[in-house]
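Residue numbers (the numbering used here): 7 to 157.
No residue lacks a Cβ here, since even glycine has one placed at the ideal position from N, Cα and C.
All figures in this text were calculated on a predicted structure; none of them were measured in a lab.
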């Protein structure tokens, strides 16, 4: 099992930030264009526990289907999604939000495992760890543009 953790400050109010992350249509804005993220199916409006999102991304130029389910939901505080079908052996992404001076502290914790034990570890060391960090770097930059300081 691998873990990726990130914390950042979002320059907006807690209700604004939580509403933004509660809308699955905003996922594309937070995903690097190179992944060619496309939602196939998502609930209309705000997410809730039990909702499923089906989407496709491109990895190494190949289309990959992915289905996640909102496993937990704590209105205004956080939620988690788990992979039901996709490229990982397992994937759980926790999102937590709390008001702090200057905005909202947003914390992410992704726990994931890869298929193919030895090959999965090699792929992680050579490519996947770096790719996930780049995706979260892009996401942090995009959030800073969507919610600029003083905006």
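Quick one: what does DSSP say residue i is sitting in, helix, strand or coil?
| i | result |
| --- | --- |
| residue 154 | coil |
| residue 80 | strand |
| residue 43 | coil |
| residue 36 | helix |
| residue 124 | helix |
| residue 87 | strand |
| residue 75 | strand |
| residue 136 | helix |
| residue 160 | In the structure as shown, the chain begins at 7 and stops at 157. Residue 160 is therefore absent and cannot be evaluated. |
| residue 143 | helix |
| residue 49 | coil |
Can you tell me the Cβ-Cβ gap for residue i and residue j, rounded? I've got them flagged as a contact below 8 angstroms.
| i | j | result |
| --- | --- | --- |
| residue 57 | residue 50 | Not confirmed; about 10 angstroms, so no contact. |
| residue 59 | residue 41 | Contact flag wrong, Cβ pair sits at about 15 angstroms. |
| residue 27 | residue 130 | Actually they are not in contact, since the Cβ atoms of residue 27 and residue 130 sit about 26 angstroms apart, beyond 8 angstroms. |
| residue 83 | residue 103 | 6 angstroms |
| residue 10 | residue 138 | 6 angstroms |
Hey, out of the options, whose CA is closest to residue i's CA?
| i | options | result |
| --- | --- | --- |
| residue 134 | 17, 153 and 118 | 118 |
| residue 30 | 42, 71, 41 and 76 | 76 |
| residue 25 | 81, 151, 108 and 129 | 81 |
| residue 110 | 7, 9 and 21 | 21 |
| residue 93 | 72, 148, 129 and 14 | 72 |
| residue 37 | 67, 140 and 155 | 140 |
On the DSSP bridge assignment, give the partners of residue i in chain order.
| i | result |
| --- | --- |
| residue 112 | 14 and 103 |
| residue 63 | 70 |
| residue 97 | 118 |
| residue 8 | 118 |
Given a threshold of 16 other Cβ atoms within 10 Å of its Cβ, counted over all protein chains shown, does residue i qualify as buried or as exposed?
| i | result |
| --- | --- |
| residue 45 | exposed |
| residue 18 | buried |
| residue 16 | buried |
| residue 112 | buried |
| residue 13 | exposed |
| residue 74 | buried |
| residue 96 | exposed |
| residue 145 | buried |
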